[in-house]
Amino acid sequence: MNRTRIRLIASSLLVALGLAATGCKSSESTPPAAGGQPAARPVDFDVPTTPQAADKAFPPGDRTPQRLGAVAVRDKRLVAVGYDESFNVSRPLILSSDDGGATWVRRSLDRDSVERSSTFEGAIAVAAGAAGFVVAGSSVDGPVLWHSPDGVDWKRQPTDRKTFPITDEISAITVTTQGFAMVGSSDNRAGDNPNHLVYWHSRDGAVWKRDAGPTIGMKPAAAGSVSATGIVAQGNTIVVSGNLSTPADSEQTDRLQFWYSSDGGRSFLRSTVRGEIATASRVYNNVLATAGGKFVALAQGAGFDDDSWDGVVLEGGTSGSSWRVVAEPWVLGSNYQDSPGTLVRAGNDWVATSQVTTGTQDVIVAAGPSWKQLADHTDTGSQGGRGNQYVAGSVAVDGDAVMVGSTDRSGTSEPAVWRYHGGKVVAMTLPEEASEGRASATVTHLVAAGKDLVAVGEISGAPTGWTRTSSGWQASTLPGRKSGVDLTLTAAAATADGRVVAVGEKQLPIGQRAALWIRAKDGRWIEIDSPTFGVQAKSAFGGPSPSALAIGPRGWVVVGHRHDGDGHDDAWAVYSSDGKSWSAARGDRSLPPVANSDSRRTRRTPWQNLRGPDGGSAEMTTVIAQGTGFVAGGDVNDGSGRAAVWLSPDGVSWPSLVRLPNPSGVDSATVRSFARIGSTLVAVGDISRFDGDPEGGWASWTSTDGGRTWRTGRPAVSARAFAGDLVSVPGGIVGLGNTGRLNTLDAAAWFSRDGRTWRALALPADRSKGAGRQGFTSAILRDGKLLATAFDIPPSGGGCYVLELDLPK
Numbered sequence: 025m026n027r028t029r030i031r032l033i034a035s036s037l038l039v040a041l042g043l044a045a046t047g048c049k050s051s052e053s054t055p056p057a058a059g060g061q062p063a064a065r066p067v068d069f070d071v072p073t074t075p076q077a078a079d080k081a082f083p084p085g086d087r088t089p090q091r092l093g094a095v096a097v098r099d100k101r102l103v104a105v106g107y108d109e110s111f112n113v114s115r116p117l118i119l120s121s122d123d124g125g126a127t128w129v130r131r132s133l134d135r136d137s138v139e140r141s142s143t144f145e146g147a148i149a150v151a152a153g154a155a156g157f158v159v160a161g162s163s164v165d166g167p168v169l170w171h172s173p174d175g176v177d178w179k180r181q182p183t184d185r186k187t188f189p190i191t192d193e194i195s196a197i198t199v200t201t202q203g204f205a206m207v208g209s210s211d212n213r214a215g216d217n218p219n220h221l222v223y224w225h226s227r228d229g230a231v232w233k234r235d236a237g238p239t240i241g242m243k244p245a246a247a248g249s250v251s252a253t254g255i256v257a258q259g260n261t262i263v264v265s266g267n268l269s270t271p272a273d274s275e276q277t278d279r280l281q282f283w284y285s286s287d288g289g290r291s292f293l294r295s296t297v298r299g300e301i302a303t304a305s306r307v308y309n310n311v312l313a314t315a316g317g318k319f320v321a322l323a324q325g326a327g328f329d330d331d332s333w334d335g336v337v338l339e340g341g342t343s344g345s346s347w348r349v350v351a352e353p354w355v356l357g358s359n360y361q362d363s364p365g366t367l368v369r370a371g372n373d374w375v376a377t378s379q380v381t382t383g384t385q386d387v388i389v390a391a392g393p394s395w396k397q398l399a400d401h402t403d404t405g406s407q408g409g410r411g412n413q414y415v416a417g418s419v420a421v422d423g424d425a426v427m428v429g430s431t432d433r434s435g436t437s438e439p440a441v442w443r444y445h446g447g448k449v450v451a452m453t454l455p456e457e458a459s460e461g462r463a464s465a466t467v468t469h470l471v472a473a474g475k476d477l478v479a480v481g482e483i484s485g486a487p488t489g490w491t492r493t494s495s496g497w498q499a500s501t502l503p504g505r506k507s508g509v510d511l512t513l514t515a516a517a518a519t520a521d522g523r524v525v526a527v528g529e530k531q532l533p534i535g536q537r538a539a540l541w542i543r544a545k546d547g548r549w550i551e552i553d554s555p556t557f558g559v560q561a562k563s564a565f566g567g568p569s570p571s572a573l574a575i576g577p578r579g580w581v582v583v584g585h586r587h588d589g590d591g592h593d594d595a596w597a598v599y600s601s602d603g604k605s606w607s608a609a610r611g612d613r614s615l616p617p618v619a620n621s622d623s624r625r626t627r628r629t630p631w632q633n634l635r636g637p638d639g640g641s642a643e644m645t646t647v648i649a650q651g652t653g654f655v656a657g658g659d660v661n662d663g664s665g666r667a668a669v670w671l672s673p674d675g676v677s678w679p680s681l682v683r684l685p686n687p688s689g690v691d692s693a694t695v696r697s698f699a700r701i702g703s704t705l706v707a708v709g710d711i712s713r714f715d716g717d718p719e720g721g722w723a724s725w726t727s728t729d730g731g732r733t734w735r736t737g738r739p740a741v742s743a744r745a746f747a748g749d750l751v752s753v754p755g756g757i758v759g760l761g762n763t764g765r766l767n768t769l770d771a772a773a774w775f776s777r778d779g780r781t782w783r784a785l786a787l788p789a790d791r792s793k794g795a796g797r798q799g800f801t802s803a804i805l806r807d808g809k810l811l812a813t814a815f816d817i818p819p820s821g822g823g824c825y826v827l828e829l830d831l832p833k
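Count along the sequence shown from 1, then add 24; that gives the number in the numbering used here.
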């Protein structure tokens, strides 16, 4: 049965702006474009072809992540599916085996399917029936389906957006007596929390009918965010599992949900959950299975101690109408975080897997004929120890269990398959083509450091800096990567003495820390750490996430937000006078501890104007030096929909919070970037016309008094546009970004003389528009030209590059 699916990387306009591809060789200058457009002279970025010194402790693999998330069998043929992200394009990864999982072959889509694919698609679930194999997945445009009559030849199904709108998300698929059935969730508008379930059914896996869950009886027990986790069928009985998250006194209460149908899916009733687990908070359905006439579920339940989660077994009888806990196997629990992964009946044994989070993510395989007889059969050589290992799907084959997932021991996530046979788990060997690809890259910021031009970004998840040389751009991996630690890079700035500072996030197995690097004048990158970069959260799952930094005459400031691990997001900032010693920022008024709370464990910021409201959030997304102080921008999600600006006289104290006015017709806004035109401070940011607006847009504001008061400008584009960076140029300011839908973006740039009225700039057409995604990420003024970092990603892949543009007149 499928585990909670391997989610695709969340896509948004901001993320799409940064997604770029590289690995291209340096190109010659492009001749002037027709029609009087500025000349494009792109120089592509390079990807290192050999591991560097910074990677020795944690080798980079091939820098192309591939994962398996589900597996199904028909007759003797196994099909395992997942996703393959290579050269900044994601495609479904499909493998098949005809010998019980001992050997595998990679399968490909036909040419027409590839041409109709978007740039980011991946498989979530698979089922095998009389009509063949059906794979369900997701993309930035909504759900995607693939079909094969035999598991060898695969086609992407035409997508009817009335049946599979962008607001829908498929969670699981199963075979029924009538054909196939899928369950998922939907939002009223794209971007909302899921508020109802969706049920799809098909006889042949090609033509589908969609039913809103509530109309056929799949209603949650209370109002809140509801999601689906599994679906199984036995005869005419179909059972769906899910989770319900409801706000209660500013805390999140999560509870298990089950629904069952006795008429083949025409109608459903909500099942009863009995016992203490029915009212316990923070329990989650993970796995649903059926065997021996019974419905069975694994849930992530209350832990053996106060600080852990452990797996528990529930049974729903032969109808799935009533559920209760029947076992808490010791092998599925520990003093660490245990999350059930898969469950299947293989011959006489139940085979259950669980993820255990310690220093890394490890797999536990428990097997036995009954819950009391479950014993640990983990292959510690391949499922524990160095790196992270995941089991995401399993299926019974000839009395054995075949498990699929991934491992990142090479430094990059790669597909993995294991087989349970005769009480022993053995890792299967996959063909080399299952994990081959070309590295993906993102270039997000370009800065001038003395005489050097330095770009920063990532190569397949590894923070990277590029230095301009006479032959192109030379890449250097930033230090800090190691087993169990993922790094991201979000912003960079140059110091007056020629150094470069970059910030990002260090994602640990539990929680996260801020990360900061400094590039010295000799080009060498070093990592800087501080206690203020630590978790500092109520639970081990929180921590700070930096978004931006600024360097002023009196010091350095890093801003972002911090999750306390208990459902609260607060604005966060740290300050340093020299880049070495850092201290936490202060807000306006310190709030007293909550009565009867454990103040020792409560690690929310005490400052009133930095706190997110109950049920909301506060985040600083950008910052700029202002005189001897700083101005930070972002939003406080308190229901007003107005963007926010914080003012600091010194970078340490942030006493002032200013709310910006919304432009006419705008429901909500957030500040994304700052720049100046003379003494006027200009801000641009994202806008939405209604909650969950899928088209979005951007707006501008101006302030002539240092950020204390603001006026709105005229939107440059009413919808489907994003401006992520501002550059001051002689006579005005240039905004950089893109326009269009998420998967069909075109690069765009706008110019304004006053920060209030904008006009679009003409761009060379060879790489700025067309199929796929194109856009600008940053720019600097250099030798009378505008140097912009840009990307282009057609369906077959693309590159990131620097484009030299004439200044607007």
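In this text, a Cβ means the ideal position worked out from N, Cα and C, and glycines have one as well.
None of the values given here were measured: they were computed from a predicted structure.
Query - Beta-carbon spacing of Tyr284, Val263 below 7 Å - result: With respect to Val263, Tyr284 sits close: the two C-beta atoms are nearer than 7 Å.
**Report entry** Classification of Gly317 by the beta-carbon crowding that lies within 10 angstroms, buried from 16 upward
**Finding:** The residue in question, Gly317, is exposed, as its Cβ has fewer than 16 Cβ neighbours within 10 Å.
Report task. Look at the alpha carbon of Arg505 and the alpha carbon of Thr488, and state the distance between them as a whole number of angstroms. Result -> 11 Å
Query raised in the report: Taking the continuous beta strand (DSSP E) assigned at Arg797, which residues delimit it?
Result: 797-806
Requested in this report: Note down the Cα distance separating Asn112 from Ala723, rounded to an integer number of angstroms.
Outcome: 29 Å
Query raised in the report: Along the chain, where does the beta strand (DSSP E) that runs through Asp86 open and close?
Result: Element bounds for Asp86: n/a, residue is neither H nor E.
Query raised in the report: Under the rule that 16 or more other beta-carbon atoms within 10 Å means buried, what is Ile148, buried or exposed?
Result: buried
Report task. Could you say if the stretch 413-424 and the stretch 453-469 meet the contact criterion of at least three C-beta pairs nearer than 8 Å? Result -> At 8 Å Cβ cutoff, the stretches do not touch.
Query raised in the report: Curious, which full-length alpha helix (DSSP H) runs of at least 4 residues does the stretch 403-466 contain?
Result: With a minimum length of 4 residues, the continuous alpha helix (DSSP H) runs that stay inside the stretch 403-466 are 404-407.
Query raised in the report: Are Leu367 and Val349 touching if we call contact CB-CB under 7 Å?
Result: no
Query raised in the report: Looking at Trp347 and Ser286, is the spacing between their C-beta atoms short of 7 Å?
Result: no
Report task. Please determine, among Gly106, Ser210, Tyr444, Lys475, the residue with the shortest C-alpha to C-alpha distance to Val150. Result -> Taking only the C-alpha atoms, the option nearest Val150 is Gly106.
**Report entry** Selected residue, minimal CA-CA separation from Asp424, among Ile190, Asn372, Ala473
**Finding:** Asn372
Query - Unbroken stretches of the beta strand (DSSP E), 3 residues or longer, contained in the stretch 756-825 - result: 756-763, 770-776, 797-806, 809-817
Query raised in the report: Does DSSP put Asp108 in a helix, in a strand, or in coil?
Result: strand
Query - Under the three-state DSSP convention, the category Glu339 falls into - result: strand
Query raised in the report: Hey, is the stretch 194-202 in contact with the stretch 247-254, meaning 3+ C-beta pairs nearer than 8 Å?
Result: yes
Query raised in the report: Using the rule of at least 16 other Cβ atoms within 10 Å of the residue's Cβ for burial, across every protein chain shown, is Ser623 buried or exposed?
Result: Legend: pLDDT at Ser623 = 43, less than 50; position of this residue unreliable, value from coordinates given subsequently. Result: exposed.
**Report entry** For Phe188, the nearest candidate out of Val176, Pro167, Pro173, Val231 (CA to CA)
**Finding:** Cα-wise, what sits closest to Phe188 is Pro167.
Report task. Report, in whole angstroms, the separation of the C-beta atoms of Ala773 and Leu760, which I expect to be a contact under 8 Å. Result -> 5 Å
Query raised in the report: Alpha carbon to alpha carbon, how far is Val450 from Gly435?
Result: 22 Å
Query raised in the report: Roughly how many angstroms lie between the CA atoms of Ser437 and Arg91, to the nearest whole one?
Result: 7 Å
Report task. Would you kindly check if the distance between the Cβ of Thr694 and the Cβ of Arg835 is under 7 Å? Result -> With the chain covering only 25 through 833, there is no way to say anything about residue 835.
Requested in this report: Note down, in chain order, each residue of its chain lying with its Cβ closer than 7 Å to the Cβ of Gly405, except the 5 sequence neighbours on either side.
Outcome: So the list is empty, once near-sequence residues are dropped.
Requested in this report: Using three-state DSSP, classify Leu37 as helix, strand or coil.
Outcome: Annotation note: pLDDT 25 at Leu37 (below 50); position unreliable, no value reported.
Query raised in the report: Among the residues of its own chain, which have a CB less than 6 Å from the CB of Lys809, if the five just before and after it don't count?
Result: Glu828
Requested in this report: Mark Ser569 as exposed unless 16 or more other C-beta atoms lie within 10 angstroms of its C-beta, in which case mark it buried.
Outcome: By the 10 Å Cβ count, Ser569 comes out buried.
**Report entry** Nearest-angstrom Cα separation, counted from Arg765 out to Gly721
**Finding:** 11 Å
Query raised in the report: Are there 16 or more other CB atoms within 10 angstroms of the CB of Gly584, so buried, or fewer, so exposed?
Result: Label assigned to Gly584: buried.
Query raised in the report: DSSP puts Leu268 in a beta bridge; with which residues?
Result: According to DSSP, which records beta bridges pairwise, Leu268 is partnered with Val250, Arg279.
Query - Meets three-Cβ-pair contact criterion under 8 Å: the stretch 569-578 and the stretch 639-647 - result: They touch, by the three-pair rule.
Query raised in the report: For the 8 Å Cβ check, are there 3 or more pairs between the stretch 686-701 and the stretch 654-665?
Result: yes
**Report entry** Assigned secondary structure, Leu829 (DSSP; H/G/I helix, E/B strand, else coil)
**Finding:** strand
Query raised in the report: Who pairs with Leu102 in a beta bridge, going by DSSP?
Result: Val97, Ser121
Query raised in the report: When we look at the beta-carbon of Asn217 and count the other beta-carbons within 10 Å, is it buried (16 or more) or exposed?
Result: Flag for Asn217 reads exposed.
Query raised in the report: Between the C-alpha atoms of Tyr825 and Pro89, what's the straight-line distance to the nearest angstrom?
Result: 22 Å
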